[in-house]
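In this note's numbering, the protein residues as written are 650 to 970. Glycine residues also receive a C-beta, built at the ideal position from the N, C-alpha and C atoms.
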Amino acid sequence: MTGAYFWRRVGYALLTLFVIMTLNFVIFRVMPGDPVSLILSPDFTPEVRQLLRERYGLDKPLWTQYLLYLKSMITFDFGRSFTTRQPVLGELLARLPNTLMLLGTSFVINVVVGVVLGIAMATRQGSRLETGVTGVSLFLNAMPSFFIGLLLLLTFGYFWPIFPIRGTMSVPPPTGFWPTVIDRIYHLVLPVTAVSLSGYGSWYLYTRNNVVGALGQDYVLTARAKGLTKREVLYRHAFRSVLPPIVTLIFLSLPGLITGAVITESIFSLYGIGRYLIDATLQQDYPVVQASFFVIALAVLICNLLADLVYGLVDPRIRLR
């Protein structure tokens with residue numbers, strides 16, 4: 650991997666980020682309505698309205714607002730929420746651990762279970778076990794995540810009230826380290842299960858289909874003819890050849906740790922970024938939505954850049970000049 654390739658990819662990422670930031674600025678300026686009207690009472694005087702416009706910089710020329718906006722995004726100074734009057738960055742960071750615990754755990758379960766089952770079932774084509782696992786995976790992959798979440802809430806939260814149906818902690822919260830940890834895990838069981846069931850199927854099907862295709866290639870047949878064991882043929886040849894796209898897919902799926910939380914956190918009333926974003930959108934809380942879009946775009950670009958770089962490392966057939 651050459652330095653020129655690395656810096657070229659970084660340059661493309663920075664250019665893309667600049668375009669996204671510009672569009673993010675333009676969209677919220679062309680939307681109907683005045684942001685100041687969202688935080689004012691109808692009884693406020695015109696003088697108070699003008700003071701607030703000056704405070705938020707809305708009285709300045711458009712190009713000045715654009716430069717101030719670029720500076721605030723780059724320095725992660727997202728301002729204050731119209732609704733809560735709290736710094737947006739602080740509220741995002743306060744909710745981030747809950748979102749990472751939910752979707753980070755689900756993501757690891759999806760990848761590990763999906764890839765392991767995909768490899769195992771690829772060697773058992775036509776068997777009843779492979780047919781059953783593939784059928785269940787296709788069924789779960791076709792079901793929307795919100796429907797699975799609602800079924801879990803109805804079954805294990807209402808008919809059999811085993812798990813809590815909302816929140817990230819009990820009210821009042823328990824005291825002590827281990828009681829707090831157990832309580833958090835207890836509240837995350839249903840959300841993690843919902844996300845895992847809805848996401849594992851795609852990983853299983855992708856891995857299984859790629860390994861099945863690799864097992865039919867000439868180099869695999871040659872390896873078998875040399876007398877290698879089934880395990881060596883499977884892992885050293887077939888799976889190794891499909892590893893680069895799987896690694897790439899892992900990095901490209903990482904932004905879903907944030908964006909995929911919207912529906913799940915709304916259903917289970919979790920204190921996370923996804924619910925924060927959808928509440929801000931419904932309340933027209935522009936600073937929160939603008940900051941969330943920027944953070945999501947930044948996460949996607951970083952993951953795309955990492956995917957490009959890692960792909961060149963795990964696939965020796967690629968020559969980067």
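Taking DSSP as the reference, what is the three-state secondary structure of residue i?
i, result
"Arg815", "coil"
"Asn793", "Residue identity differs from the one stated: residue 793 is Pro in this sequence, not Asn. The answer is coil: DSSP assigns Pro793 none of H, G, I, E or B."
"Arg734", "coil"
"Leu663", "helix"
"Arg657", "helix"
"Arg729", "strand"
"Asp928", "helix"
"Phe917", "coil"
"Leu969", "With a pLDDT of 49 at Leu969, under the threshold of 50, the modelled position of that residue is not reliable, and the figure given next carries that caveat. Residue state, collapsed to three classes: coil."
"Pro710", "coil"
"Arg744", "helix"
"Thr671", "helix"
"Thr897", "helix"
"Arg773", "coil"
"Leu802", "helix"
"Arg933", "The sequence as given places Gln at residue 933; Arg does not occur at that position. Correct three-state label for Gln933: coil."
"Leu955", "helix"
"Thr724", "coil"
"Leu903", "coil"
Short check: CB of residue i to CB of residue j, under 8 Å?
i, j, result
"Gly659", "Leu954", "Looking at the sequence shown, residue 659 is not Gly but Val. It is a contact, given that the beta carbons lie within the stated cut-off."
"Phe812", "Tyr849", "no"
"Ile768", "Phe888", "yes"
"Ala872", "Val860", "no"
"Gly753", "Ser918", "no"
"Leu738", "Phe727", "yes"
"Arg744", "Ile899", "no"
"Leu802", "Leu839", "yes"
"Glu740", "Tyr925", "yes"
"Pro821", "Asp832", "no"
"His886", "Val911", "no"
"Ala843", "Ser794", "yes"
"Thr665", "Leu950", "yes"
"Val841", "Ser755", "yes"
"Leu877", "Cys952", "no"
Less than 8 Å between the CB atoms is what I'm expecting for residue i and residue j, so what's the real figure, rounded?
i, j, result
"Thr913", "Gly798", "6 Å"
"Asp845", "Asn759", "Asp is not the amino acid found at residue 845; the sequence shown has Ser there. Going by Cβ atoms, the distance from Ser845 to Asn759 rounds to 6 Å, so yes, they are a contact pair."
"Met670", "Phe943", "7 Å"
"Val959", "Val896", "6 Å"
"Met792", "Ser847", "6 Å"
Using beta carbons (cut-off 8 Å, strictly below), is residue i in contact with chain C?
i, result
"Ile899", "Of the chains in the structure shown, none is chain C; there is only one protein chain."
State yes or no: is the C-beta of residue i nearer than 7 Å to some heavy atom of the ligand SAM?
i, result
"Gly806", "Questions concerning the ligand SAM fall outside what the structure shown contains, since it holds no ligand whatsoever."
**Report entry** Meets three-Cβ-pair contact criterion under 8 Å: the region 754-766 and the region 837-857
**Finding:** yes
Query - Continuous beta strand (DSSP E) assignments of at least 3 residues falling wholly in the region 806-880 - result: none
Report task. Could you tell me whether the region 731-746 touches the region 914-934, using the rule of 3 or more Cβ pairs below 8 Å? Result -> yes
Query raised in the report: Quick one: any contact between the region 670-677 and the region 934-947, if contact means 3 or more CB pairs under 8 Å?
Result: yes
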